[in-house]
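For what it's worth, this note's numbering labels the leading residue of the sequence shown as 191, then goes sequentially.
Even glycine gets a Cβ: it sits at the ideal position worked out from N, Cα and C.
Here is the structure we will look at.
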Amino acid sequence: MNITKIFFIILALAAVFHITFIILQKERQRYLSKCLIVPLLLAAYISGGGSKFLLPIPALILGWIGDVLLIKIEKKLFFMLGLASFLLGHIFYIAAFIRILGSLSPDGAAGSINIPAILIFTPVAIALGIVVLRLIKPTKEMRIPVILYMSVLVLMTLFGFQVFLHNIGIAGFLLLSGCLCFMISDTILAYYTFRKLKVSGSVLIMSYYIVAQTEIIIGLLLL
Numbered sequence: 191m192n193i194t195k196i197f198f199i200i201l202a203l204a205a206v207f208h209i210t211f212i213i214l215q216k217e218r219q220r221y222l223s224k225c226l227i228v229p230l231l232l233a234a235y236i237s238g239g240g241s242k243f244l245l246p247i248p249a250l251i252l253g254w255i256g257d258v259l260l261i262k263i264e265k266k267l268f269f270m271l272g273l274a275s276f277l278l279g280h281i282f283y284i285a286a287f288i289r290i291l292g293s294l295s296p297d298g299a300a301g302s303i304n305i306p307a308i309l310i311f312t313p314v315a316i317a318l319g320i321v322v323l324r325l326i327k328p329t330k331e332m333r334i335p336v337i338l339y340m341s342v343l344v345l346m347t348l349f350g351f352q353v354f355l356h357n358i359g360i361a362g363f364l365l366l367s368g369c370l371c372f373m374i375s376d377t378i379l380a381y382y383t384f385r386k387l388k389v390s391g392s393v394l395i396m397s398y399y400i401v402a403q404t405e406i407i408i409g410l411l412l413l
C-alpha cells in the first residue's frame, strides 16, 4: 500500500470521527478533527503527484484557513474572513480548471470552452441562484457578499462542467460532482448562517464539504 492510499484511509477515519463528534456534540474533539481533514487531503494530493500541478495546493490551504476561521462562525469578523478565504480558494480551483482545459486542447483554454454548454448552464444557474437566494434570505448587509460568493462558486462549477465535457470519465465526473457538493454544502452553510445551526445542519454541511474537497482532489490526481 503506497503512502497516498494511507493518507486517504486516515482522512476517511478523521472524517468519520469528525461527523461522530458533531452528532455527539463534542466540541473540542470536533474542532480538532475538523482541522485535520484538509491537511490530510493536501498530504494525499502532494504524495500522489499533485506537486506537479500547484494551483490546487493554495486552494486547499485557503480552505483549511477557512475551516479554522469558521470554528468561530458566530463572530462576524471570523465569518467574513472565512468567507473570503474560501472565496479565494474557489478562485484557485477555477484557475486550475482553466489550466486543465488549456492542456486538453491544442488551441488552449479558449479552444476548449463548450459554448452550447455555457448557453444552457447560464440561465439554469441564474434561476437556481434566485431560488437559493430567496431560500437563504440574507440580511441587506450580507446580500452582496453572499451573491458574490455564490457567483464565484457557480463559475467554479461551470468550469468543472467544462472539464467534465472534455474528460467524460471518472476523473471529470469527480471534479464536477465535487463542485456540485461544494454548492450544496455552502448553500446549507449560508442558510444556517442566518438561523440557529442545528446538529443535522452541521452534519450535512461537513459531509458535503468533505466529499467535495475529496472528489475534486481525486479527480485532479486521476486526470
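Straight-line gap, residue i to residue j (C-alpha atoms, nearest Å)
i, j, result
"Phe269", "Ile303", "35 Å"
"Met373", "Leu318", "11 Å"
"Leu355", "Lys216", "43 Å"
"Gln352", "Glu405", "16 Å"
"Ile263", "Gly368", "23 Å"
"Lys388", "Leu348", "31 Å"
"Ala249", "Val228", "10 Å"
"Val344", "Ala205", "26 Å"
"Ala307", "Leu379", "28 Å"
"Ile310", "Met396", "30 Å"
"Leu201", "Pro313", "37 Å"
Helix, strand or coil at residue i [DSSP, three-state]
i, result
"Leu412", "helix"
"Lys266", "helix"
"Gln403", "helix"
"Thr194", "helix"
"Gly359", "coil"
CA nearest to the CA of residue i, picked from the options
i, options, result
"Leu394", "His208, Gly239 and Pro306", "His208"
"Leu273", "Thr347, Ile337 and Val389", "Ile337"
"Thr194", "Ile281, Pro248 and Leu232", "Leu232"
"Ile247", "Ile407, Leu412 and Leu413", "Ile407"
"Ser223", "Gly239, Trp254, Ala249 and Ser237", "Trp254"
"Ser390", "Leu203, Ala205, Thr210 and Ile200", "Thr210"
"Leu291", "Phe198, Glu331 and Gly362", "Gly362"
"Ile316", "Met340, Glu331, Gly240 and Thr377", "Met340"
"Cys225", "Leu214, Gly240, Leu260 and Ser275", "Leu260"
"Gly240", "Ser392, Gly256 and Ala286", "Ala286"
Whole-number beta carbon distance between residue j and residue i, since they are thought to touch under 8 Å
i, j, result
"Leu370", "Phe243", "Leu370 to Phe243, Cβ: 22 Å. No contact."
"Leu277", "Val342", "6 Å"
"Ile212", "Arg218", "12 Å between Cβ atoms; not a contact."
"Leu325", "Tyr235", "Contact doesn't hold; Cβ gap of about 33 Å is too wide."
"Asn357", "Leu413", "7 Å"
"Pro335", "Phe384", "About 12 Å; that fails the 8 Å criterion."
Unbroken alpha helix (DSSP H) run spanning residue i, endpoints
i, result
"Arg385", "Element bounds for Arg385: n/a, residue is neither H nor E."
"Leu231", "Glu217 to Ser237"
"Phe243", "It is not in any alpha helix (DSSP H) - Phe243 carries neither H nor E in the DSSP assignment."
"Gly350", "Lys330 to His356"
"Ile310", "Ile305 to Ile326"
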